[in-house]
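Engineer: Residue numbers (my numbering), protein chains in the order written: chain A, 1 to 156; chain B, 1 to 156. Backbone N, C-alpha and C fix where the C-beta goes; we use that ideal spot for every residue, glycine too. As the structure is a computational prediction, the values presented were derived from the model and not from experiment. This is the structure I have questions about; it appears just below.
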DNA sequence: CTCAATAGTTGAGAATGGCAAATGTCTACA
DNA sequence: TGTAGACATTTGCCATTCTCAACTATTGAG
């Protein structure tokens with residue numbers, strides 16, 4: 001994520017024709033995502049991590065670790081970037097490189113204990129539900145979850 | 001951070017805890033954000049713009065333009081970044097700097113005709129509704145819009 | 001008029017991001 | 001078996017983003 005990256009615009013209301021309900025819903029969602037980007041940046045900054053470093057760290061799971069090329073794929077960036085990102089995470093004692101036993105070309109990136117703590121703290125910050133959603137009634141919250149689950153199940 | 005704090009109330013239990021419907025809904029939404037980021041990156045790349053440049057361009061409106069410090073605020077970055085970003089947009093003929101008449105310190109960044117075309121193309125790409133949402137029934141689409149409208153109205 | 005605050009720019013230094021080249025390792029195939 | 005091609009990672013180069021601190025010009029308040 002980076003860095004991420006600047007994200008969607010605030011709803012511009014393109015003035016080009018009427019918008020359908022689903023388009024309006026999507027415009028609202030983009031607003032939410034826009035706010036989310038700031039949360040991500042400030043969470044990363046709080047732990048003195050650059051957005052890309054935080055993004056990489058958050059992807060790691062405990063046991064196996066992730067090959068660098070998979071991190072690159074998740075972050076949508078070139079593998080050569082991951083080298084530097086992992087270098088810095090490793091220098092701070094947050095991850096270690098471990099050569100894969102099954103394929104000596106690949107290096108599994110495994111979080112250290114410290115790395116797991118930071119990762120979990122970051123995940124917790126991002127898992128915090130935005131204010132607006134929390135204010136919906138319990139029934140509406142369930143409804144929203146069900147709608148989204150249906151929508152994303154259909155696309156996956 | 002007691003139970004009275006609404007932010008704390010929506011904080012998920014990191015470790016193995018069961019998640020509430022609203023937390024599940026939010027987790028689904030973050031998936032969407034993830035996908036959305038890639039769309040943004042590829043849309044920007046398609047127009048040979050770096051993400052920050054595309055982000056800035058998409059914020060501009062036709063008539064007044066935006067002061068640079070407002071662009072910085074929208075992009076959540078330092079004003080000094082915006083200097084360079086606008087430099088490159090200007091070099092490519094996408095925007096112009098116009099000194100504000102009301103305050104000669106500020107420069108309004110106004111899109112050129114070409115800039116408007118690119119901006120609209122970018123906005124159109126980002127306005128494209130993700131597959132999953134489009135597969136919902138018409139009724140569900142309206143329901144989703146209404147839920148989100150209610151949630152975001154409450155937070156704004 | 002003076003002075004603090006604001007808008008933008010500049011410069012230095014770290015980091016990201018893409019591309020091309022190089023190394024070491026695997027795998028398919030003849 | 002051996003060899004060619006594919007793959008994972010690293011390195012170097014260069015453009016860009018980003019933060020911080022300093023600087024200029026301008027504004028507005030007292």
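Taking Cβ-Cβ distances shorter than 7 angstroms, what residues in chain B pair up with residue 129 of chain A?
Structural biologist: Within chain B, the residues near residue 129 of chain A are 10, 22, 23 and 26.
Engineer: Could you give the DSSP three-state label for residue 108 of chain B: helix, strand or coil?
Structural biologist: Correct three-state label for residue 108 of chain B: strand.
Engineer: If I follow the unbroken alpha helix (DSSP H) through residue 88 of chain B, where does it start and stop?
Structural biologist: Element bounds for residue 88 of chain B: 79-91.
Engineer: Would you please verify whether the beta carbon of residue 70 of chain B is less than 8 angstroms from any beta carbon of chain A?
Structural biologist: No, because no Cβ of chain A sits closer than 8 angstroms to the Cβ of residue 70 of chain B.
Engineer: Using the DSSP secondary-structure output, state which residues sit across from residue 67 of chain B in a beta bridge.
Structural biologist: Answer by DSSP bridge pairing, in chain order: B:108.
Engineer: Residue 157 of chain A to residue 29 of chain B, Cα distance in whole Å?
Structural biologist: Only positions 1 to 156 of chain A appear in the structure, and residue 157 of chain A is not among them; the question remains open.
Engineer: Assign residue 123 of chain A to one of three DSSP states: helix, strand, or coil.
Structural biologist: Looking at residue 123 of chain A - three-state DSSP - the assignment turns out to be helix.
Engineer: Going by alpha carbons, who is nearest to residue 60 of chain B out of B:89, B:153 and B:128?
Structural biologist: The shortest C-alpha separation from residue 60 of chain B is found at B:89.
Engineer: Can you give me the C-alpha to C-alpha distance between residue 64 of chain B and residue 129 of chain B, rounded to a whole angstrom?
Structural biologist: So the two alpha carbons sit approximately 29 angstroms from each other.
Engineer: Under 8 angstroms: do the stretch 135-155 of chain B and the stretch 142-154 of chain A share three or more Cβ pairs, one atom per stretch?
Structural biologist: With the cut-off at 8 angstroms, the stretch 135-155 of chain B and the stretch 142-154 of chain A touch.
Engineer: At the level of alpha carbons, what is the spacing between residue 47 of chain A and residue 57 of chain A?
Structural biologist: Going from the Cα of residue 47 of chain A to the Cα of residue 57 of chain A covers about 12 angstroms.
Engineer: If we ignore side chains and look at the alpha-carbon of each, how far apart do residue 92 of chain B and residue 101 of chain B end up?
Structural biologist: Cα to Cα, residue 92 of chain B sits roughly 25 angstroms from residue 101 of chain B.
Engineer: With 8 angstroms as the limit, tell me which residues of the stretch 35-55 of chain B have their beta carbon closer than that to any beta carbon of chain A; keep them in chain order.
Structural biologist: Listed by position along the chain: 36, 37, 38, 40, 41, 51, 52, 54 and 55.
Engineer: Is the separation between the beta-carbon of residue 98 of chain B and that of residue 108 of chain B shorter than 8 angstroms?
Structural biologist: Cβ distance < 8 angstroms, so residue 98 of chain B and residue 108 of chain B count as in contact.
Engineer: In chain B, which residues lie with their C-beta within 8 angstroms of the C-beta of residue 91 of chain A?
Structural biologist: Near residue 91 of chain A there are no residues of chain B at all, since even the closest Cβ is about 25 angstroms away, more than 8 angstroms.
Engineer: For the stretch 22-39 of chain A against the stretch 69-84 of chain A, are there 3 or more C-beta pairs whose distance is under 8 angstroms?
Structural biologist: Cβ pair count under 8 angstroms is below three, so no.
Engineer: Run down chain B in chain order and give the residues with a C-beta less than 7 angstroms from the C-beta of residue 148 of chain A.
Structural biologist: Within 7 angstroms Cβ-Cβ: 25, 28 and 29.
Engineer: In three-state DSSP terms, what is residue 95 of chain B?
Structural biologist: Three-state result, residue 95 of chain B: strand.
Engineer: Can you name, in chain order, every residue of its own chain whose Cβ lies under 6 angstroms from the Cβ of residue 110 of chain B, other than the five neighbours on each side?
Structural biologist: So the list reads 65, 96 and 98, once near-sequence residues are dropped.
Engineer: For residue 85 of chain A, which residues in the same chain have their Cβ closer than 7 angstroms to its Cβ, ignoring the five residues on either side in sequence?
Structural biologist: The answer, listed in chain order, is 52, 53 and 56.
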